[in-house]
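Numbering (the numbering used here), first residue to last: 2 to 214. The structure appears below as structure tokens.
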């Protein structure tokens, strides 16, 4: 194992000499490299982004280093629009950069992803859809995506529900989209003590005695 590779195992870095890595190590090497897309400009950016090298699988750590090393330039990016990072980077890396910036906070569970936006709204998305169909994540009319408006509290929805909360119950609230994802989130988050059950062939959750009482 080369010294360069050992350093990358410790944390993602900017100062890596690729020529000193052996062939096997180079196969694991990845880079956050923002170059943009032809025709898409960010006139308020003052210089190039610092690249960050990392090992496959270390995307979240690499995003943290990238944000740390490029804070001034990132302050000038309008993330509410299609931007130079979005068009340069693989979606998982872009997601973690948004996470590190606080634009979106991701919580990943066994089968769903809970994504909190800076405006307080929440998306709960089937994990397979989140990972493999980024272009369809945020369509409320599609299966696999639920939306929680900023003025709706999931804790209140859970607390105000009966001993058994069904898909039909959630459709009576202000939640939008595929509310089954919310039920799946409830059963996987320890803050919502419950067990999955089936009611009339539909997914539901039964609160634990402590939560129901």
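Each residue gets a CB set at the ideal place from its N, CA and C atoms; glycine is no exception. Please read all numbers here as calculations on a predicted model, not as lab measurements.
Asked: Distance check for residue 197 and residue 16, CA to CA, integer angstroms please.; Found: 49 Å
Asked: I'd like to check one pair, residue 56 with residue 86: are the Cβ atoms closer than 7 Å?; Found: no
Asked: For residue 13, is the classification buried or exposed, using 16 other Cβ atoms within 10 angstroms of its Cβ as the cut-off for buried?; Found: buried
Asked: Helix, strand or coil for residue 11, going by three-state DSSP, please let me know.; Found: helix
Asked: Taking 7 Å as the threshold (C-beta atoms), are residue 84 and residue 78 in contact?; Found: yes
Asked: Would you check if there are 3 or more beta carbon pairs closer than 8 Å linking the segment 153 to 166 to the segment 86 to 97?; Found: no
Asked: Would you mind working out which of 130, 18, 66 and 128 sits nearest residue 99, comparing C-alpha positions?; Found: 66
Asked: Return the Cβ separation of residue 116 and residue 130 in integer angstroms, given the expectation that the two are a contact with Cβ distance under 8 Å.; Found: So it is not a contact: roughly 12 Å between Cβ atoms.
Asked: Pull up the distance between the alpha-carbon of residue 118 and that of residue 191, whole angstroms please.; Found: 21 Å
Asked: Residues bridged to residue 166 by DSSP?; Found: 206
Asked: Which value, in whole angstroms, describes the spacing of the CA atoms of residue 211 and residue 195?; Found: 9 Å
Asked: So, at 6 Å on beta carbons, what are the nonlocal neighbours of residue 34 in its own chain, with the 5 sequence-adjacent residues on each side left out?; Found: 52
Asked: Comparing C-alpha positions only, which one of 107, 49, 156 and 180 sits nearest to residue 208?; Found: 156
Asked: I need the straight-line Cα distance from residue 23 to residue 113, nearest angstrom please.; Found: 38 Å
Asked: For residue 178, which residues does DSSP report across the bridge?; Found: 147
Asked: With DSSP run on the structure shown, which of helix, strand or coil describes residue 197?; Found: strand
Asked: Give the secondary structure of residue 104 by DSSP, where H, G and I count as helix, E and B as strand, and everything else as coil.; Found: coil
Asked: Terminal residues of the continuous alpha helix (DSSP H) containing residue 116?; Found: Run containing residue 116: none in the alpha helix (DSSP H); it sits in the beta strand (DSSP E), 113 to 118.
Asked: For residue 121, which residues from the same chain have a beta carbon less than 7 Å from its beta carbon, with the 5 sequence-adjacent residues on both sides left out?; Found: 151
Asked: Which residue wins for smallest C-alpha separation from residue 60, given the options 9, 203 and 199?; Found: 9
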